[in-house]
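Asks: In the UniProt record's numbering, the protein residues as written are 1 to 716.
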Amino acid sequence: MTAVRQRRVGKGTEAAEDQPSEETNVKPDGKIPPDPPGGKLWNILSITVGGIVAISLGLLTSVYVATLHENDLWFSNIKEVEREISFRTECGLYYSYYKQMIQAASIQQGLHGLVYDNKTESVRTINILERMNVYQEVFLSILYRILPIQQYLEPVYFYIYTLFGLQAVYVIALYVTSWLLSGTWLSGLLAACWYITNRVDTTRVEFTIPLRENWALPFFAVQIAAITYLLRTHLQPAQERLTLMAVFIATFLFSLTWQFNQFMMLIQALALFILDCLDMLPTAKVTWLYIIQISGLLLVCVLQFFNSMILGSLLISFNVSVLVAKTIQKNLKKGGLLNRLGKLILHVLLVLCLTVLMNKFIKKTLNLESDEHIFKFLKAKFGFGATRDFDANLYLCEEAFGLLPLNTFSRLSSTLLFYIYGFVLILLTVAAVIVAFRNLSDSNQVQLKEKMEEYTVTLKPDAAYSLVHTILFGCLALSTMRMKYLWTSHMCVFASFGLCSTEVWKLTLKCLHLYTSQRTQVIKYSVPVITLLYISFKFWPGIMDELSELREFYDPDTVELMNWIKSNTPNTAVFAGSMQLLAGVKLCTGRTLTNHPHYEDKNLRERTKQIYQIYAKRSPGDVHAILRSFGTDYVILEDSICYERRHSRGCRLRDLLDVANGHIMDGLGENEPDLKPSLYPRFCEEIKKNLPSYTMHFTRVFQNKTFHVYKLAKHK
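1. Examine the Cβ distances between the region 183 to 192 and the region 224 to 240 and report whether three or more of them are shorter than 8 Å.
2. Over the uninterrupted beta strand (DSSP E) stretch that includes Ala226, give me the two end residues.
3. Would you call the region 642 to 650 and the region 578 to 592 touching, i.e. three or more CB-CB distances under 8 Å?
4. Find the nearest neighbour of Ile349 within the set Ile374, Val322, Asn331, judged by alpha-carbon distance.
5. Is the distance from the Cβ of Ala436 to the Cβ of Leu467 below 7 Å?
6. Use the C-beta contact count for Gln268: other C-beta atoms within 10 angstroms, 16 or more gives buried, fewer gives exposed.
7. In whole angstroms, what is the alpha-carbon distance linking Leu627 and Thr706?
8. Just how far apart, CA to CA, sit Gly183 and Leu217?
9. Quick one: residues in its chain with C-beta nearer than 8 Å to the C-beta of Phe252, no 5 flanking neighbours on either side, listed in chain order?
10. Can you find the residues in the same chain that come closer than 6 Å, C-beta to C-beta, to Leu166, ignoring five residues on each side of it along the sequence?
11. What did DSSP end up calling Ala66 once you bin it into helix, strand or coil?
12. Give me the residue from Arg124, Gln518, Val134 with the minimum Cα distance to Leu303.
13. Starting from Asp117, follow its DSSP beta bridges and name the residues at the other end.
14. Along the beta strand (DSSP E) that carries Arg551, what are the first and last residues, could you check?
15. Compare the C-alpha of residue 735 against each of Arg482, Ala392, Gly498 and name the closest.
16. Could you tell me which residues DSSP puts in a beta bridge with Phe575?
17. Are the CB atoms of Ser62 and Leu73 nearer to each other than 7 Å?
18. By the DSSP assignment, the alpha helix (DSSP H) with Val351 in it spans what residues?
19. Compare the C-alpha of Leu604 against each of Tyr554, Thr699, Ser441, Thr120 and name the closest.
20. Tell me whether the beta-carbon of Val65 lies closer than 7 Å to the beta-carbon of Phe164.
21. Any contact of the region 238 to 249 with the region 220 to 227, i.e. 3+ C-beta pairs under 8 Å?
22. Confirm, please, whether the CB-CB distance from His469 to residue 723 is below 7 Å.
23. What do you get for Leu93, buried or exposed, if any count of 16 or more other CB atoms within 10 angstroms of its CB means buried?
24. Alpha carbon to alpha carbon, how far is Pro210 from Thr257? Give it in angstroms, no decimals.
25. Where Gln703 and Leu111 are concerned, what is the direct C-alpha to C-alpha distance, given to the nearest angstrom?
26. Can you give the beta carbon distance from Phe263 to Thr415, rounded, assuming they're within the 8 Å contact cut?
27. By a C-beta neighbour count over all protein chains shown, 10 Å radius and 16 as the cutoff for buried, is Ala625 buried or exposed?
28. I need the DSSP call for Val205, collapsed to helix, strand or coil.
29. How do the region 676 to 691 and the region 613 to 621 stand: do at least 3 beta-carbon pairs fall below 8 Å, yes or no?
30. Between which residues of its own chain and Asp601 is the CB-CB distance below 7 Å, once the five residues before and five after are set aside?
31. Compute the distance between the beta-carbons of Gly631 and Val123, then report whether it is under 7 Å.
32. Do Pro528 and Cys500 have their C-beta atoms within less than 7 Å of each other?
33. Note down the Cα distance separating Gln150 from Glu70, rounded to an integer number of angstroms.
34. Span of the alpha helix (DSSP H) holding His663?
35. Could you check the C-alpha separation between Leu366 and Asp555 for me, to the nearest Å?
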């Protein structure tokens, strides 16, 4: 197993600093009065300083995570095979295509090898560009080939530095979003500092570099910043068009780089739908955002050779249904409270029915089953019946797909982030409910309006969107730990915006009957500065200690295995084993695989379940027949899986296989009444005894403390 040990000795936007959060004063003729000369100069100076701070923080973050990666692995000093092994599980699979493109005789041959790939899945030819989101690897490899940098920079460094550089884009986008929401770049500074000091919960780029989310989330953050700017009032037509173009480009790049883009954008579409129904966003802009999501996803679909998972996505069905429903119900936002509530209920039901019908029709027409495992997982996760489905249980038993651990909140609270986030969230939620009720009631009662003016302020469209966005992605993070990075980064933005917002402090002080304009301005700047000082004094020593801690990559067993495979097996050899290990085999040795970690294909999921019978209670003849049906020459058995202790009983891989096969699980504990004992012992244990019934099919050719490699007999 991969381990890290102590190192041996010798070995940016258009926003003004003092721009008020309230709506800009407008003359009766609709024109915005010009700024005085001094104010305009101050705005330019503020934007310049804020921009410099944003870029500086982005670059510092990039250097910070790059240094952590180097210090943790001693990446510059270890061998190439060790560097490649450090790209664990699916990370190694994605990087292997970058390596494949670099090593190809020409760009054309490299692309041909990806479109007609017969090494990722044995006895099958698949289109990698259709099945996986690897256009970023293709683009980067082409860029590396055409730029005159080969003599100065190794391909692996060009790759990882690009990912670390995207972290700079990520932090700048978060900074700008917070600045736009609050009107002061002090808010952006606070958001960036929180992102860095809460690094454990905001990013994992330094140890999962090629992971798809590390490519996608910076573009998602840019998209959110562009949407925040788009939702401002009084934008000029040219500004609006440019912003829509920025939203489209960011949406397209986000969709192109991550296979789960459709689910994230579906949540975003739900946020837009809720706010549009409550009349809290401009309808025309919301419509444009629906269209941008659809067009961006369809463009990616074309580039991915009409990937079935995209065509059958809920996002496309939902957005089209919303647009159709809005066309049918034209008077949705007219009438009194009860009238509008009735219309909204009908509207929601119409959208849901259209979405389900359209999605089922598309999937049935095109015979799509690529994402069925996700819905099986969700059904089992939220208690809609127990399941013995192997794929669903494989996800359910992984910690990353479980509930968000409670210790996450204690870490976020240590930087004051969670406390401030909770305060701002409650305050703005109450304000949003009042504003939504006022919008729906369409009341003309003067007394009601005066009472609301006394205790509330108007919630701006960009703040309303940020509120619903953080609530929905917070629910996602609470239910699925792996998705917390979508929430925690926006949590930094939302909390910093609230702490630096004139609106929030005005509302708070009015509720306490302490409001004055001067007091609001003093608190708006002093509280964030105090918070920044607290964070700096508390966490700066820890960051310095972290940067000075030197370790070294250490995984001799895996290195030995990869070197043996390269030296003792033919280039055409086919290997079977666990998904995670085989990704490394492909990257380090270039051998053909039977299965791999990119799980978004029904045939691959069924194939993986069959390959994993090597850890089940099956006869040697059955296992041999299964492996040979996929052209397997060698099978790798891992003691860490065969004798697994990481998971509890019922969640070990061998338990999942036993239940799926109808067999009783090993060890003390209950079993479901219809499970029966297997007629055969566990294959991965019994094969090591070298019994004749096993040696006639399998010959051990390699062994170390972690791995056992067997060559399969080729019976006629």
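Ideal Cβ positions, reconstructed from N, Cα and C, are used throughout, including at glycine. Please read all numbers here as calculations on a predicted model, not as lab measurements.
Replies: Per the coordinate set shown:
1. The region 183 to 192, when compared against the region 224 to 240, does not touch it at the 8 Å Cβ threshold.
2. Counted from its first residue, the sequence shown places residue 226 at position 226. Per DSSP, Ala226 belongs to no beta strand (DSSP E); it is in the alpha helix (DSSP H), 212 to 230.
3. Two segments are said to touch when three or more pairs of C-beta atoms, one from each, lie closer than 8 Å; by this definition the region 642 to 650 does not touch the region 578 to 592.
4. As a working note, residue 349 is residue 349 in the sequence shown. Sequence check: residue 349 is Leu here, not Ile. Comparing Cα positions, the closest option is Val322.
5. Taking the sequence shown and counting its residues from 1, one reaches residue 436 at position 436. Taking the sequence shown and counting its residues from 1, one reaches residue 467 at position 467. Cβ atoms of Ala436 and Leu467: not closer than 7 Å.
6. Position 268 of the sequence shown, counted from the first residue, corresponds to residue 268. Counting C-beta atoms within 10 angstroms of its own C-beta, Gln268 has 16 or more neighbours from the protein chains shown and is therefore classed as buried.
7. The residue you call residue 627 lines up with position 627 of the sequence shown. The residue you call residue 706 lines up with position 706 of the sequence shown. Taken atom to atom, the span from the alpha-carbon of Leu627 to that of Thr706 is near 21 Å.
8. By 1-based counting over the sequence shown, the position of residue 183 is 183. By 1-based counting over the sequence shown, the position of residue 217 is 217. Their Cα atoms are separated by approximately 24 Å.
9. Counted from its first residue, the sequence shown places residue 252 at position 252. Setting aside the 5 residues that flank it on each side, Phe252 is surrounded in the same chain by Gly296, Leu299, Val300, each with a C-beta closer than 8 Å to its C-beta; the list follows chain order.
10. Here residue 166 refers to the residue found at position 166 of the sequence shown. Closer than 6 Å at the Cβ level, and outside the excluded window around Leu166, lie Pro218.
11. Position 66 of the sequence shown, counted from the first residue, corresponds to residue 66. Three-state result, Ala66: helix.
12. Along the sequence shown, one-based indexing puts residue 303 at 303. Taking only the C-alpha atoms, the option nearest Leu303 is Val134.
13. The residue you call residue 117 lines up with position 117 of the sequence shown. DSSP, once it has assigned bridges, lists Ile126 as partnering Asp117.
14. Here residue 551 refers to the residue found at position 551 when the sequence shown is read from its first residue. From DSSP, the beta strand (DSSP E) with Arg551 extends over 551 to 554.
15. Any answer about residue 735 is impossible in this case: the structure gives the chain only from 1 up to 716.
16. The sequence position of residue 575 within the sequence shown is 575, counting from 1. Beta-bridge analysis with DSSP links Phe575 to Leu593, Tyr634.
17. As a first step, residue 62 must be located in the sequence shown, where it is residue number 62. As a first step, residue 73 must be located in the sequence shown, where it is residue number 73. No, Cβ-Cβ distance for Ser62 and Leu73 is not below 7 Å.
18. For this step, residue 351 is matched to residue 351 along the sequence shown. Residues 337 to 366.
19. Counted from its first residue, the sequence shown places residue 604 at position 604. Considering only alpha carbons, the answer is Thr120.
20. If you number the sequence shown from 1, residue 65 lands on position 65. If you number the sequence shown from 1, residue 164 lands on position 164. Yes.
21. In short, these stretches touch, since the Cβ pair count reaches three.
22. Since the first residue shown for the chain is 1 and the last is 716, residue 723 is missing from the structure and cannot be characterised.
23. Residue 93 sits at position 93 when you count from the first residue of the sequence shown. By the C-beta density criterion, Leu93 is buried, having at least 16 other C-beta atoms within 10 angstroms.
24. Working through the sequence shown from its first residue, we reach residue 257 at position 257. Working through the sequence shown from its first residue, we reach residue 210 at position 210. The straight-line gap from Cα to Cα measures roughly 11 Å.
25. Stepping through the sequence shown from its first residue, residue 703 is reached at position 703. Stepping through the sequence shown from its first residue, residue 111 is reached at position 111. Each residue's alpha carbon lies about 37 Å from the other.
26. Here the question's residue 263 lines up with position 263 in the sequence shown. Here the question's residue 415 lines up with position 415 in the sequence shown. About 29 Å separates the beta carbon of Phe263 from that of Thr415, a gap too long to meet the 8 Å contact definition.
27. The residue labelled residue 625 in the question sits at position 625 within the sequence shown. A residue is called buried when at least 16 other Cβ atoms come within 10 angstroms of its Cβ; Ala625 does not meet this threshold and is exposed.
28. Within the sequence shown, residue 205 is the residue found at index 205, counting from 1. In the three-state DSSP reduction, Val205 falls in the coil class, being neither helix nor strand.
29. Contact between the region 676 to 691 and the region 613 to 621 is present: three or more C-beta pairs spanning the two stretches fall below 8 Å.
30. The residue labelled residue 601 in the question sits at position 601 within the sequence shown. Shown here for Asp601: same chain residues with a beta carbon closer than 7 Å to its own, the five before and five after excluded, namely Arg131, Ser370 in chain order.
31. Looking up residue 631 in the sequence shown gives position 631. Looking up residue 123 in the sequence shown gives position 123. Against a cut-off of 7 Å, the Cβ pair of Val123 and Gly631 comes out as a contact.
32. Along the sequence shown, read from residue 1 onward, the residue named residue 528 stands at position 528. Along the sequence shown, read from residue 1 onward, the residue named residue 500 stands at position 500. Against a cut-off of 7 Å, the Cβ pair of Cys500 and Pro528 comes out as a contact.
33. Within the sequence shown, the letter at position 150 stands for residue 150. Within the sequence shown, the letter at position 70 stands for residue 70. In this structure, the alpha-carbon of Gln150 lies about 21 Å from that of Glu70.
34. The residue you call residue 663 lines up with position 663 of the sequence shown. Taken as a continuous stretch (DSSP letters only), His663 belongs to no alpha helix (DSSP H), as it is neither H nor E.
35. One-based indexing of the sequence shown puts residue 366 at position 366. One-based indexing of the sequence shown puts residue 555 at position 555. Cα-Cα distance, rounded: 45 Å.
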